[in-house]
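2 protein chains.
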Amino acid sequence: MSKCEQCIVREFSSLKALNKDELVKLSGCKTSRIIKKGEVIFEEGENVNGIFCIKDGVCKLTKLSPNGKDHIVKLVSKGELLGQRSMISDEPVNLSAVALEDMEVCFIPKTEVMGFFDKNNQFSMNVMKTICGDLKEADVHAVNMAQRTVKERLAETLLHLHNTYGKNEDDSLKIQLSRDELASLVGTATESCIRLLSDFNKLGLIKLVGKKITITDICKLKKIAEN
Amino acid sequence: MSKCEQCIVREFSSLKALNKDELVKLSGCKTSRIIKKGEVIFEEGENVNGIFCIKDGVCKLTKLSPNGKDHIVKLVSKGELLGQRSMISDEPVNLSAVALEDMEVCFIPKTEVMGFFDKNNQFSMNVMKTICGDLKEADVHAVNMAQRTVKERLAETLLHLHNTYGKNEDDSLKIQLSRDELASLVGTATESCIRLLSDFNKLGLIKLVGKKITITDICKLKKIAEN
DNA sequence: AGTATAATATGATATATGTCATATAAATGT
DNA sequence: ACATTTATATGACATATATCATATTATACT
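Residue numbers (UniProt numbering), protein chains in the order written: chain A, 1 to 227; chain B, 1 to 227.
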């Protein structure tokens, strides 16, 4: 089994505060798992009892709305941790995690992580900072949802996907979302999302080939996003 | 100057983890302040360098949207702390705080609080749990904004105000918000908010006298909120 | 008290966005 | 390879909600 000392997650996440001994200890108790595209990592309401380290791949965090639709709250990818909030609050997870592509994740049991909390101050500080960052993002998102049009939010989302996940050799967005998922991320109906993509296409801002989306005019897209 | 040992904030906030000695130390370094309705406690982008304890009163946390409108992200009241996220992230505050009624707050400098973080594990755990709770709330809010109508959100907000802040002797909501503020909290235009209040009034769900709002039919209001 | 200013209210209208229907294209299963 | 299902696309339409205009109150000011 691979060792935590060289793992990519260690470099980018709160785990970077752990010292050699702690990492060795971690290697001993973690379990590794391959998750196929579309598979569920955990479901809203479940007791997870630990955190997941994403070694590779991207997943969506979704929440079921009262009307039965799934809403994508956030995308989480390689190098990040999952399930921290739930572990700290000592509550079931309030979001579901579903793989958007094939993934490789490790699971660390809660008991182990809580030990680091007690003994390693920098580690708990890192976790707190991550959660604070999420909260700040959530505040920005709330305002955007309230005050910006679907068109603006879609443009912004496309740019964000471009900046965060990059592009393939053919310049299309690397991260592959269905129209349905993109709509859910933007916070709109699927048809509205498709229609606006179509508009952007006609305006020459993006190019659509199958479900591939290629941004062809970042500047104009930015102008729409920022209004 | 009043002592922290008997303060109400201590009972309800993360500070409940502090022991006698720590509280005495706190009493020595805090500064107390009276804030009049409408006054600003801090403004988005400011460096606050500490946390505020709300001994009395309620304030709104607002965020300026790109189009220049203020959006109310959250109400915070007696017994709660302000500025924790900013202190942990070591960043300027990302929200403004404005008093909705006369307030009494204490300020504790960052250096002092950070000391507790290092030495008192239960305290830092409490702070984390609070922030995690905020994040969970934010997730729920995001979904609501995306998937529920203004009418549903207004009904829900009225019920929430009723449950959280109670009512006066005449049964009207204790917390006094302008239509503008209520709209901003619900995430809609002022006129839309006024119009829907008017509708609720005609349907006999609420009663409007001046800017006072009285809920007269909780059940029906709940039905609208939950739909 | 009386005027100026701001808040609340309501009507008229525009428009963004959701919903329903249907067509086409792509993916999946056997 | 073919049929079945699912995803994407587009049109037609309904409607929720924002915007603008204008009363009507309340509130603040001197």
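The beta carbon of each residue, even a glycine, is placed where N, CA and C say it ideally should be.
A quick note: this is a predicted structure, and the numbers were derived from the prediction, not measured.
Is the distance from the Cβ of A:Leu197 to the Cβ of A:Lys220 below 8 Å? Position 197 of the first sequence, counted from the start, is the residue given in the question as residue 197 of chain A. Position 220 of the first sequence, counted from the start, is the residue given in the question as residue 220 of chain A. Not a contact, by the Cβ cut-off of 8 Å.
Are A:Ser77 and A:Ile54 close, meaning C-beta to C-beta below 8 Å? By one-based count along the first sequence, residue 77 of chain A stands at place 77. By one-based count along the first sequence, residue 54 of chain A stands at place 54. Against a cut-off of 8 Å, the Cβ pair of A:Ile54 and A:Ser77 comes out as a contact.
Apply the 10 Å Cβ neighbour rule to B:Lys60 and answer buried if 16 or more other Cβ atoms are within range, or exposed otherwise. For this step, residue 60 of chain B is matched to residue 60 along the second sequence. With 16 or more other Cβ atoms within 10 Å, it is buried.
Mind checking whether A:Leu82 and A:Phe117 have CB atoms under 8 Å apart? Locating residue 82 of chain A in the first sequence gives position 82, where the first residue counts as 1. Locating residue 117 of chain A in the first sequence gives position 117, where the first residue counts as 1. Not closer than 8 Å, so no.
Give every residue of the same chain whose Cβ lies closer than 6 Å to the Cβ of B:Leu182, excluding the five residues on either side of it in the sequence, and list them in chain order. Within the second sequence, the letter at position 182 stands for residue 182 of chain B. Within the same chain, B:Leu182 has close Cβ partners Cys193.
Show which residues of chain A have a CB atom less than 8 Å away from the CB atom of B:Asp217. Residue numbering aside, residue 217 of chain B sits at position 217 when the second sequence is read from its first letter. Ordered by position in chain A, no residue passes the 8 Å Cβ test against B:Asp217, which lies about 21 Å from the chain.
Are three or more beta carbon pairs between the region 130 to 140 of chain B and the region 89 to 96 of chain B nearer than 8 Å? no
Are the CB atoms of B:Arg179 and B:Lys190 within a distance shorter than 8 Å? By one-based count along the second sequence, residue 190 of chain B stands at place 190. By one-based count along the second sequence, residue 179 of chain B stands at place 179. According to the sequence displayed, residue 190 of chain B carries Thr and not Lys. Cβ atoms of B:Thr190 and B:Arg179: closer than 8 Å.
Can you say whether A:Thr188 is buried or exposed, counting buried as having 16 or more other CB atoms within 10 angstroms of its CB? In the first sequence, the residue the question calls residue 188 of chain A occupies position 188. With 16 or more Cβ atoms within 10 Å of its Cβ, A:Thr188 is classed as buried.
When DSSP builds the beta bridges, which residues end up paired with B:Arg33? Counted from its first residue, the second sequence places residue 33 of chain B at position 33. Bridge partners of B:Arg33: B:Val105.
Chain B contacts from the region 84 to 117 of chain A (Cβ-Cβ distance under 7 Å): Arg85, Ile88, Ser89, Asn94, Leu95
Could you please tell me which residues of the region 131 to 146 of chain A, in chain order, have their CB closer than 8 Å to any CB of chain B? Ile131, Cys132, Gly133, Asp134, Leu135, Lys136, Ala138, Asp139, Val140, His141, Ala142, Val143, Asn144, Met145, Ala146
Would B:His160 be called buried (16 or more neighbouring beta carbons within 10 Å of its own) or exposed? Numbered from 1 along the second sequence, position 160 holds the residue referred to as residue 160 of chain B. Result: exposed.
Put B:Asp56 into one of helix, strand or coil per three-state DSSP. Here residue 56 of chain B corresponds to residue number 56 of the second sequence, with the count starting at 1. In the structure shown, the three-state DSSP call for B:Asp56 is strand.
Exposure of B:Gln122, with buried meaning 16 or more beta-carbon neighbours within 10 Å: For this step, residue 122 of chain B is matched to residue 122 along the second sequence. Answer is exposed; the Cβ neighbour count stays below 16.
Can you round the beta-carbon distance between B:Glu11 and B:Gly79 to whole angstroms, since I take them to be within the 8 Å contact cut? Counted from its first residue, the second sequence places residue 11 of chain B at position 11. Counted from its first residue, the second sequence places residue 79 of chain B at position 79. The Cβ separation is near 7 Å, so the contact holds.
Using 8 Å for Cβ pairs, my map puts B:His141 next to A:Ala142. What's the rounded Cβ distance? In the second sequence, the residue the question calls residue 141 of chain B occupies position 141. In the first sequence, the residue the question calls residue 142 of chain A occupies position 142. With 8 Å as the limit, B:His141 and A:Ala142 qualify as a contact, their Cβ atoms being about 6 Å apart.
Which parts of the UniProt domain "HTH crp-type" (148 to 219) of chain B are runs of the alpha helix (DSSP H), unbroken and 4 residues or longer, counting only runs that do not cross its ends? 150 to 165, 179 to 186, 190 to 202
Going by C-alpha to C-alpha distance, which of A:Lys74, A:Asp170, A:Val113, A:Lys151 sits closest to residue 228 of chain B? This structure does not reach residue 228 of chain B, given that chain B is present from 1 up to 227, and the question cannot be answered.
Could you tell me the distance, in whole angstroms, from the CA atom of B:Pro66 to the CA atom of A:Arg153? Walking along the second sequence from the start, residue 66 of chain B turns up at place 66. Walking along the first sequence from the start, residue 153 of chain A turns up at place 153. B:Pro66 and A:Arg153: Cα-Cα distance of roughly 12 Å.
What would DSSP say about A:Lys63, mapped onto helix, strand or coil? Within the first sequence, residue 63 of chain A is the residue found at index 63, counting from 1. Note: A:Lys63 maps to strand in three-state DSSP.
Compute the distance between the beta-carbons of B:Gly50 and B:Lys110, then report whether it is under 8 Å. Residue numbering aside, residue 50 of chain B sits at position 50 when the second sequence is read from its first letter. Residue numbering aside, residue 110 of chain B sits at position 110 when the second sequence is read from its first letter. Yes.
Could you tell me the alpha carbon to alpha carbon distance between A:Glu101 and A:Lys36, rounded to whole angstroms? Start at 1 with the first residue of the first sequence, and residue 101 of chain A comes out as number 101. Start at 1 with the first residue of the first sequence, and residue 36 of chain A comes out as number 36. Rounded to whole angstroms, A:Glu101 to A:Lys36 spans 7 Å at the Cα level.
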